[in-house]
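Enquirer: So the number in the working numbering is just where the residue sits in the sequence shown, counting from 1, plus 52. Each residue gets a CB set at the ideal place from its N, CA and C atoms; glycine is no exception.
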Amino acid sequence: MSKTVFFFCLFLLSLTFSPVSFAQDLPAPKRELRAAWIATVVNIDWPTQRALNAHDQQKEFVELLDLLQSMKMNAVVVQVRPVADALFPSSYEPWSEYLSGEQGESPTPYYNPLTFMIEEARKRGLEFHAWFNPYRASMKEDFIHSKDHPINQHPEWFVEYGGKKYYDPGHPEAREYVLNAIMEVVRHYDLDAVHFDDYFYPYRIANEEFPDDSSYTCYGESYKNKEDWRRYNVDAFVEELHDRIRNEKPHVVFGISPFGVWRNNDKDPMGSDTKAGQTNYDDLYADVLKWLREGWIDYITPQLYWHIGFAPADYKVLVDWWSKHTYGRHMYIGQGIYRLGQKGWEDKREIINQINLNRATPNVHGSMYFSTKVFVQNKDSVQQKMEEMYPSEALIPVMPWLDDTPPEAPVWQEIIGNQKYGVKLQWQDSTPGDAHYYVVYRFDADEEINIHDPSKILATVPRSPYHTQSYTDRSTETRTQYRYLVTAVDRKHNESQVSAEKRVKTRGAHRAVKEL
């Protein structure tokens, strides 16, 4: 019996016990999304305070990326439009107060944070998912918007609910304006994905009705009730954005991270065995399953911020339920690491158990963690837990409905260097193609070649603008033989066949390496 099968059998046996626990971690897969949310609203993750100068903002962001890279993450989800504002120069909405301290003012000295963040993510081989909040326009009742904010030009587009301002999702002109604001970013920046979280219509507030009677009277007369009309408004927005992204940049992914419960099964037999106080379909008017069925989104990341065994919304129950409703799209789990140490999370292995459960459940392709500052704080030794669960790098799963054609295998060039400075591997593309990065594998002299084993990934190397690509292996031992292989990977993570094998023998500390 193989090691992987043995561990999987152990896992199945563990499911007979409650709460779920694991005597043995499941092996890390070669392909798995590992992402962290970087929230900018009210300076949750970055920048840590308003009005930091540009140098300090950049320094903080680089430190976040370095930390995430060290934990073998492969994507970041950065909030670039938190409250109808922008962390970039926008033609539609003002600069965010979370950067400069005052809405409408640019960073000092001037720079474009979005360009900077994307470039730094690229250097580290991290996907960049631009996170937009579509409707929210303020976080507090007495907030004074800048003069150039759309709320001052078109107050009829906005409503107030629970002390916050929102674009009215039922107003067609407001929807169009938000779509244009998002598409400006898609058009002008090198994004990997457009990302929404759970904020569509806002969460219900007791004894307060969302004030959209005016737009319902104008635009909802063909619907038998306001609830169906509201769902239509969100559906139309999601579908239209999907279509525009596909037409503009087909490689850009569109993903949504909704609240963790679609519907309770007491409302709908198709729903989950949960007792959530609010749900996507009934309260946020977000028919997430429809978006998946219609192919309007490429991934879903339900926010399962509860612990295993939580009766109203059990993590295990919901992972299983969502895994059966992906409709051929990717599903990643939104992990609530901010709850570490709270009631229900006393088990020091809770997040480890959740990751094991994800890996053992069909159709779960990885995780997103809320939020990055928990990693920075190393709350409950979460960095060490990530090291345990992510011992090697991982490639992001492919999306064959977007692209299923891999590049050609690279061709080796001369290998140079010595034991003191490292073994410099060099290669070129065999034909001009669409390689986006490369994977370098290293094996011992007599070891079986198995590129499906992620522990054999020496490095993922972003493609440079030069004809010859290179990577220096500084982890070799003296007087030792190694075998290297390299593959090319495209923008959508399709991996080429392996290159020819390159055998190298290291010598003494100052002598050149020898190709065999």
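Could you check whether the region 78 to 93 touches the region 124 to 137, counting it as contact only if at least three pairs of C-beta atoms, one from each stretch, sit closer than 8 Å?
Expert: yes
Enquirer: Would you call the region 314 to 323 and the region 271 to 282 touching, i.e. three or more CB-CB distances under 8 Å?
Expert: no
Enquirer: Who pairs with Phe-180 in a beta bridge, going by DSSP?
Expert: Note: Phe-180 is bridge-paired with Val-128 in the DSSP secondary-structure output.
Enquirer: Kindly identify the DSSP beta-bridge partner or partners of Asn-316.
Expert: Ser-324
Enquirer: Of all the options Ser-419, Val-434 and Gly-418, which has the alpha carbon lying nearest to the alpha carbon of Lys-425?
Expert: Val-434
Enquirer: Could you tell me which residues DSSP pairs with Leu-477 in its beta bridges?
Expert: Secondary-structure assignment with DSSP links Leu-477 through a beta bridge to Tyr-523.
Enquirer: I need the DSSP call for Trp-343, collapsed to helix, strand or coil.
Expert: helix
Enquirer: I'd like to know whether the C-beta atoms of Ala-328 and Pro-364 end up nearer to each other than 9 Å.
Expert: yes
Enquirer: Residues in its own chain within less than 8 Å of Asn-164 by CB, not counting five upstream and five downstream?
Expert: Phe-140 and Pro-141
Enquirer: Which of helix, strand or coil does DSSP assign to Leu-293?
Expert: helix
Enquirer: How close, in whole Å, do the beta carbons of Gln-101 and Pro-159 come, if the pair is a contact with beta carbons under 8 Å?
Expert: That pair is no contact at about 13 Å.
Enquirer: If you draw a straight line from the alpha carbon of Arg-315 to that of Asp-525, how long is it in whole angstroms?
Expert: 51 Å
Enquirer: Of all the CB atoms in chain D, is at least one closer than 9 Å to the CB of Pro-165?
Expert: Reference to chain D is not applicable here, since this structure consists of a single protein chain.
Enquirer: Quick one: what's Ala-245 bridged to in DSSP?
Expert: His-181 and Val-305
Enquirer: Could you round the C-beta distance between Leu-231 and Asp-350 to whole angstroms and report it? I think they count as a contact, below 8 Å.
Expert: At roughly 18 Å, the Cβ-Cβ gap does not stay under 8 Å, so Leu-231 and Asp-350 are not in contact.
Enquirer: What is the residue span of the beta strand (DSSP E) that Glu-212 lies within?
Expert: 210 to 213 is the extent of the beta strand (DSSP E) around Glu-212.
Enquirer: For the alpha helix (DSSP H) that Trp-374 lies in, which residues bound it at each end?
Expert: Where Trp-374 is concerned, the enclosing alpha helix (DSSP H) starts and stops at 367 to 375.
Enquirer: With respect to the beta strand (DSSP E) encompassing Tyr-534, which residues constitute its N-terminal and C-terminal limits?
Expert: 533 to 542 is the extent of the beta strand (DSSP E) around Tyr-534.
Enquirer: If we call anything under 9 Å between Cβ atoms a contact, is Leu-336 one with Pro-310?
Expert: In contact: Leu-336 and Pro-310 (Cβ atoms closer than 9 Å).
Enquirer: Please classify Trp-397 as buried or exposed, where buried requires at least 16 neighbouring CB atoms within 10 angstroms.
Expert: buried
Enquirer: Let me know if Arg-227 comes out buried or exposed under the rule of 16 or more other beta-carbons within 10 Å of its beta-carbon.
Expert: It is buried - the Cβ of Arg-227 has at least 16 other Cβ atoms within 10 Å.
Enquirer: Quick one: using the 10 Å Cβ neighbour count with 16 as the cut-off for buried, is Glu-145 buried or exposed?
Expert: With 16 or more other Cβ atoms inside 10 Å of its own Cβ, Glu-145 counts as buried.
Enquirer: Select from Ile-467, His-206, Ser-507 and Glu-529 the residue whose C-alpha is nearest the C-alpha of Tyr-523.
Expert: Ile-467 is the residue among Ile-467, His-206, Ser-507 and Glu-529 whose C-alpha sits nearest the C-alpha of Tyr-523.
Enquirer: Using a Cβ-Cβ cut-off of 7 Å (strictly less than) and excluding sequence neighbours within five positions of Val-371, which residues of its own chain qualify?
Expert: Leu-356, Ile-385, Leu-409, Asn-410, Thr-413 and Val-416
Enquirer: Look at the Cβ atom of Pro-449, then the Cβ atom of Gly-418, and state whether they are nearer than 9 Å.
Expert: yes
Enquirer: Using only CA atoms, which one of Pro-207, Trp-464, Ser-482 and Glu-440 lies nearest to Ser-507?
Expert: Glu-440
Enquirer: Taking the C-alpha atoms as reference points, what is the distance between Phe-60 and Asn-502?
Expert: At Phe-60, the pLDDT of 44 sits below 50, so the modelled position is not reliable; the number obtained from the coordinates is stated separately. Spanning the two alpha carbons is a distance of roughly 20 Å.
Enquirer: Are the CB atoms of His-303 and Val-246 within a distance shorter than 9 Å?
Expert: Going by beta carbons, Val-246 and His-303 fall outside the 9 Å limit.
Enquirer: Check Ile-448 in the structure and name its three-state DSSP category.
Expert: coil
Enquirer: Taking 9 Å as the cut-off, decide whether the C-beta atoms of Val-290 and Trp-348 are in contact.
Expert: yes
Enquirer: For Gln-549, does the three-state DSSP call read helix, strand or coil?
Expert: coil
Enquirer: Would you mind working out which of Tyr-390, Ala-497 and Ile-404 sits nearest Gln-429, comparing C-alpha positions?
Expert: Tyr-390
Enquirer: Which of helix, strand or coil does DSSP assign to Phe-311?
Expert: Strand.
Enquirer: Measure the beta-carbon distance from Ala-446 to Pro-81 and round it to whole angstroms, keeping in mind my assumption that it falls under 8 Å.
Expert: 7 Å
Enquirer: Which residues bound the alpha helix (DSSP H) around Thr-269?
Expert: 265 to 271
Enquirer: Grouping DSSP H, G and I as helix and E and B as strand, with all else coil, what is Glu-193?
Expert: coil
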